[in-house]
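Heads up: the structure comes next, in structure tokens.
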Amino acid sequence: MSSLDVIIVAAGSGTRLGLSVPKAFVPLMGKPILSYSLQTFLSHQAINSVILVVPDSMYESANRDYAGKRVKVTTGGEHRWQSVSRGIDISDAEWVMIHDAARPFVSNMVIDRLLAMKPKYDCVITVTPEVDTIRMYSGDQAGETVDRDKLVRVGTPQMFRKETLCQGLIRAKSLPTPPTDEAILMQQMGVKVGIAWGDPRNFKITTPSDLEIAEALIARSQQMSLGGQ
Ligand code: C5P
Numbered sequence: 002m003s004s005l006d007v008i009i010v011a012a013g014s015g016t017r018l019g020l021s022v023p024k025a026f027v028p029l030m031g032k033p034i035l036s037y038s039l040q041t042f043l044s045h046q047a048i049n050s051v052i053l054v055v056p057d058s059m060y061e062s063a064n065r066d067y068a069g070k071r072v073k074v075t076t077g078g079e080h081r082w083q084s085v086s087r088g089i090d091i092s093d094a095e096w097v098m099i100h101d102a103a104r105p106f107v108s109n110m111v112i113d114r115l116l117a118m119k120p121k122y123d124c125v126i127t128v129t130p131e132v133d134t135i136r137m138y139s140g141d142q143a144g145e146t147v148d149r150d151k152l153v154r155v156g157t158p159q160m161f162r163k164e165t166l167c168q169g170l171i172r173a174k175s176l177p178t179p180p181t182d183e184a185i186l187m188q189q190m191g192v193k194v195g196i197a198w199g200d201p202r203n204f205k206i207t208t209p210s211d212l213e214i215a216e217a218l219i220a221r222s223q224q225m226s227l228g229g230q
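Taking my numbering, the leading residue of the sequence shown gets 2, the next gets one more, and so forth.
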């Protein structure tokens, strides 16, 4: 079986949360946001190692708290693709999953759906359906509606054959604007990108209200597991 590492990108500042701690390290029910997805990936038998890519300011504490037999810690770059590159530099696996630290609720089911697509695609992204009506706009005026049945929301984890991803990351250096994810780089190279249906609960924590929703979800699952005892 080919080897697989996970790179959790946690080097963003997350200014929209309005807190002084970088987003991935903000406590969620007493534990840093990034520790939730880390635990899920470490519990999956297909995953060799997890690489945490953290801001310079958090390197020392993250290295102390998480580095070990299956966890490596490194520092990130200015843009997301640069943080991914730093993680790739210390991976020796054939395949990698890239995951946003800001998505604590990744599940084994979603990981398995990505893995199932491995024989067919060098790159597979996690998507969820778009449920809102989506429109263009200009100034204070609504423009055309976009057919939502043709749209999906792109999330993480995203899975790549590492060699193909590395080619994309080389190209990223010469792009005028940084890509918002690495699958964009794949498509620009003509690589087909597969989709795996994700779970809307694996949303990205961006604003203070997202944090409240995340806390409520954890509290509910704690109550359910207590009820089941
Ligand atoms: O900014 P955004 O929410 O899109 O970031 C998605 C993920 O990428 C976050 O987990 C963030 O920590 C990470 N990131 C990073 N390095 C950057 C920018 C973002 O690791 N320079």
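From the three backbone atoms N, C-alpha and C, an ideal C-beta is built for every residue, glycine too.
Computed from a prediction, not measured in an experiment: that's the story for all the values here.
Residues near residue i by beta carbon distance below 6 Å, same chain, minus five either side
i       : result
Ser-50  : Asp-6, Arg-71
Ser-86  : Leu-170
Ala-173 : Trp-82, Leu-186
Phe-161 : Val-97, Cys-124
Asp-57  : Thr-76
Test item: CB-CB of residue i and residue j under 8 Å
i       : j       : result
Val-55  : Val-74  : yes
Leu-29  : Ile-171 : no
Leu-53  : Ala-117 : no
Ile-126 : Val-192 : no
Pro-177 : Leu-186 : no
Val-111 : Gly-199 : yes
His-100 : Thr-157 : yes
Val-107 : Ser-38  : yes
Leu-18  : Thr-165 : no
Arg-104 : Phe-204 : yes
Val-153 : Pro-120 : no
Any non-hydrogen atom of the ligand C5P closer than 7 Å to residue i Cβ
i       : result
His-45  : no
Ala-12  : yes
Lys-174 : no
Ala-25  : yes
Lys-32  : no
Thr-207 : yes
Asp-101 : yes
Gln-83  : yes
Val-128 : no
Val-192 : no
Val-51  : no
Val-147 : no
Val-54  : yes
Cβ-heavy atom distance, residue i to the ligand PLP, below 7 Å
i      : result
Glu-79 : The model on display carries the ligand C5P but not the ligand PLP.
Whole-number beta carbon distance between residue j and residue i, since they are thought to touch under 8 Å
i       : j       : result
Ala-184 : Gln-223 : Not confirmed; about 34 Å, so no contact.
Ile-9   : Ala-102 : 5 Å
Val-155 : Val-132 : Not quite, the Cβ-Cβ distance comes to about 15 Å (not below 8 Å), so this is no contact.
Ile-276 : Ile-34  : Outside the displayed range of the chain (2 to 230) lies residue 276, so it cannot be described from this structure.
Ala-94  : Lys-163 : 6 Å
Sequence-distant residues of the same chain with beta carbon closer than 7 Å to residue i, five excluded per side
i       : result
Glu-216 : Leu-29, Met-30
Ala-47  : Leu-5, Leu-116
Ile-91  : Ile-52, Lys-73, Thr-75
Met-231 : With the chain covering 2 to 230 only, the question about residue 231 has no answer from this structure.
Ala-63  : Leu-53, Val-55, Val-74
Same chain, Cβ closer than 8 Å to residue i, neighbours up to 5 away in sequence not counted
i       : result
Thr-134 : Thr-146, Arg-149
His-45  : Asn-109, Ile-112
Tyr-138 : Gly-144
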